[in-house]
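Quick notes on the structure that follows.
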Amino acid sequence: MSVSFDRVSTIYDATRGLPPEVSEQVTDCILRLTAATPKTHFFEPGIGTGRIALPLVQRGYAYTGIDISDEMMDVLRRKLEGVPHQLTLIKGDATALPFDDRTFDVALTVHLLHLVANWQNVLSEIRRVLKPEGIFLYVHGRGNDAKPGDFDFNQPQHEFKQRWDEILADHGVQLKDYGATEADVLEDLAQQGATVETIVAAEWRIEQTIGELLHRYQNRMYSSSWQIPNDIFAAAIQTLTAWCEQHYPSLDLDVSHNARFKLAIARQWSR
Ligand SMILES: C[S@@+](CC[C@H](N)C(=O)[O-])C[C@H]1O[C@@H](n2cnc3c(N)ncnc32)[C@H](O)[C@@H]1O
Numbered sequence: 599m600s601v602s603f604d605r606v607s608t609i610y611d612a613t614r615g616l617p618p619e620v621s622e623q624v625t626d627c628i629l630r631l632t633a634a635t636p637k638t639h640f641f642e643p644g645i646g647t648g649r650i651a652l653p654l655v656q657r658g659y660a661y662t663g664i665d666i667s668d669e670m671m672d673v674l675r676r677k678l679e680g681v682p683h684q685l686t687l688i689k690g691d692a693t694a695l696p697f698d699d700r701t702f703d704v705a706l707t708v709h710l711l712h713l714v715a716n717w718q719n720v721l722s723e724i725r726r727v728l729k730p731e732g733i734f735l736y737v738h739g740r741g742n743d744a745k746p747g748d749f750d751f752n753q754p755q756h757e758f759k760q761r762w763d764e765i766l767a768d769h770g771v772q773l774k775d776y777g778a779t780e781a782d783v784l785e786d787l788a789q790q791g792a793t794v795e796t797i798v799a800a801e802w803r804i805e806q807t808i809g810e811l812l813h814r815y816q817n818r819m820y821s822s823s824w825q826i827p828n829d830i831f832a833a834a835i836q837t838l839t840a841w842c843e844q845h846y847p848s849l850d851l852d853v854s855h856n857a858r859f860k861l862a863i864a865r866q867w868s869r
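Structure (structure tokens):
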């Protein structure tokens with residue numbers, strides 16, 4: 599089972615986009631870590647709207663992306679209309695890649711493996727299509743597990759999420775991960791002999807009010823809510839809205855929080 603992002607393709611960039619200076623930092627970091635040359639060929643399963651790919655494509659690198667959502671890739675195609683580029687986009691599933699062994703120099707997955715039930719197949723396919731000295735960059739991305747004291751912990755937001763889980767539990771729903779946890783992936787890579795280093799490529803602040811967060815939940819902008827049956831979602835979101843209106847002094851309450859782009863780099867994995 600996979601989770602297509604068709605339904606959020608038109609709002610993905612507005613809700614998940616990186617600020618321009620962060621995008622620049624991430625791009626520079628990727629190029630530095632991979633010691634990219636003009637011959638480096640990048641590959642990204644789950645490329646989406648090109649949040650990570652676009653700046654690399656604009657700098658002239660050869661880049662191949664695959665995604666199960668044509669709608670997401672259409673957004674990227676539109677950004678490159680009239681611009682010369684070396685981007686190849688293919689509609690397909692990351693668990694069965696239509697490429698020969700040892701094709702790419704660098705593979706990246708950003709916010710993908712938590713969505714794919716058979717994520718191990720994605721990893722084995724990436725390993726197959728990477729060249730022997732190829733590099734795999736992995737960004738997990740789900741930031742919902744922050745605990746008090748963590749860099750990105752935010753008390754009102756944490757409370758909000760806890761309340762949502764309780765409301766769903768009252769309806770007999772427990773949100774499940776679709777795919778891997780970050781620890782699953784790092785363990786798998788290590789077991790397969792990869793040398794893995796984790797770094798923070800960028801840190802920034804996300805400005806948000808509780809009302810804006812609620813609006814995102816009401817509009818099912820996050821993939822975790824797509825598993826909730828529609829009738830239960832309708833009832834549950836009404837309860838959450840009423841709770842927010844009573845619980846918080848104002849929906850303008852500031853719940854701005856820190857974010858970081860954490861990136862794991864796996865080497866010596868595909869030899
Ligand atoms: C959260 S988005 C991330 C997009 C991009 N990597 C980024 O960081 O902005 C996840 C993307 O993976 C795609 N996807 C999910 N499962 C997939 C699969 N099995 N094969 C290929 N793409 C998949 C979704 O359609 C979506 O475009």
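Using this note's numbering, you'd call the opening residue of the sequence shown number 599 and step up by one each time.
C-beta: ideal position from N, C-alpha, C; glycine also.
Predicted model only: the values in this text are computed from it and were never measured.
- Separation of the CB atoms of L695 and I628 is rounded to 21 Å, and the pair is thereby denied contact status at 8 Å.
- DSSP places P643 inside the beta strand (DSSP E), whose first and last residues are 639-643.
- Taking the C-beta atoms as reference points, G777 is found nearer than 8 Å to V714.
- For A800, the enclosing beta strand (DSSP E) stretches over residues 793-804.
- Secondary structure within the segment 693-763: the beta strand (DSSP E) runs of 3 or more consecutive residues, fully enclosed, are 702-708, 728-737 (chain order).
- In this structure, DSSP gives H845 a helical state, which the three-state scheme calls helix.
- Straight-line measurement puts the Cα of V853 at about 16 Å from the Cα of T613.
- Nearest Cα to T701 within the set Y846, Y815, T662, D748: T662.
- In terms of Cα proximity to A833, the closest of W867, I765, K689 is I765.
- The C-alpha of N716 is placed about 23 Å away from the C-alpha of P827.
- In this structure, L711 and V783 form a Cβ contact; the two beta carbons are roughly 6 Å apart against a cut-off of 8 Å.
- For the pair T839 and Q816, the CB atoms are nearer than the 8 Å cut-off.
- Counting every other CB atom within 10 Å of its CB across the protein chains shown gives F641 a total of 16 or more, marking it as buried.
- The criterion of a C-beta distance shorter than 8 Å is not satisfied by I650 and V720.
- Counting only the Cα atoms, L678 lies some 30 Å from A864.
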